[in-house]
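Below: the structure, in structure tokens.
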Amino acid sequence: MITPEDLQPLPITGNKTIPEDYLDEMGHMNVMWYTHLFSNATGKMFDLFGLSDDYCVRTNSGAFALECHLRYLAEVRVGKTVRIHSRLVGRSEKRWHFMHFMVIEEDGRIAATAEFVGAHIDMTRRRTSPIPPIVTEPFDAILAQHNQLDWDPPLCGIMRP
Numbered sequence: 001m002i003t004p005e006d007l008q009p010l011p012i013t014g015n016k017t018i019p020e021d022y023l024d025e026m027g028h029m030n031v032m033w034y035t036h037l038f039s040n041a042t043g044k045m046f047d048l049f050g051l052s053d054d055y056c057v058r059t060n061s062g063a064f065a066l067e068c069h070l071r072y073l074a075e076v077r078v079g080k081t082v083r084i085h086s087r088l089v090g091r092s093e094k095r096w097h098f099m100h101f102m103v104i105e106e107d108g109r110i111a112a113t114a115e116f117v118g119a120h121i122d123m124t125r126r127r128t129s130p131i132p133p134i135v136t137e138p139f140d141a142i143l144a145q146h147n148q149l150d151w152d153p154p155l156c157g158i159m160r161p
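According to the UniProt record's numbering, the sequence shown holds residues 1 to 161 in order.
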């Protein structure tokens, strides 16, 4: 079982105190807000390896999500603060694979995980395209650091880049 201490070496790509309007009729954070927070974390993670808004505009490139697997592990209530850590898992010529971990700061529980496979996109053709070295080089450097961790990410087992 992964602990919040295991996540400490990973970059923090999100932090949010949960407002009342995130609640659903069950009195906890609605599933759409998990997706929203993980989506925002993805953008911050992309910035770490050069897939920034500036890069996308300059190169007419982008990123599409292809697969996502969410796991809800602990209830998140109003007023709680969640922190998101991100871990790169792998890549191919056109795709990447990564995970996010949502931690409840007040008690240290992992509230949710999100595993994604996404693709680099040529926005002119709106098709997948090879990830250029300006992105793969920093991606691979971060991936090498993440691969040095002494724990394996809890992958769903069916997703591949």
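From the three backbone atoms N, C-alpha and C, an ideal C-beta is built for every residue, glycine too.
Distance CB(residue i)-CB(residue j) smaller than 8 Å
i           : j           : result
residue 112 : residue 72  : yes
residue 116 : residue 67  : yes
residue 69  : residue 160 : no
residue 48  : residue 11  : yes
residue 61  : residue 123 : yes
residue 30  : residue 22  : yes
residue 100 : residue 38  : yes
residue 50  : residue 135 : yes
residue 63  : residue 142 : no
residue 118 : residue 65  : yes
residue 108 : residue 4   : yes
residue 89  : residue 155 : yes
residue 87  : residue 146 : yes
residue 158 : residue 2   : no
residue 17  : residue 44  : no
Beta-ladder partner(s) of residue i, from DSSP
i           : result
residue 43  : The partner list for residue 43 (beta bridge, DSSP) is empty, contrary to what the question assumes.
residue 57  : Note: residue 57 sits in no beta bridge, so no partner.
residue 141 : None, per the DSSP bridge assignment.
residue 157 : Answer is none; residue 157 lacks a bridge partner.
residue 62  : 121
DSSP three-state assignment for residue i, whether helix, strand or coil
i          : result
residue 13 : strand
residue 23 : strand
residue 29 : strand
Is the stretch 78 to 90 close to the stretch 121 to 134, with three or more CB pairs under 8 Å? no
Any beta strand (DSSP E) of 3 or more consecutive residues that is wholly inside the stretch 65 to 128: 81 to 91, 95 to 104, 110 to 122
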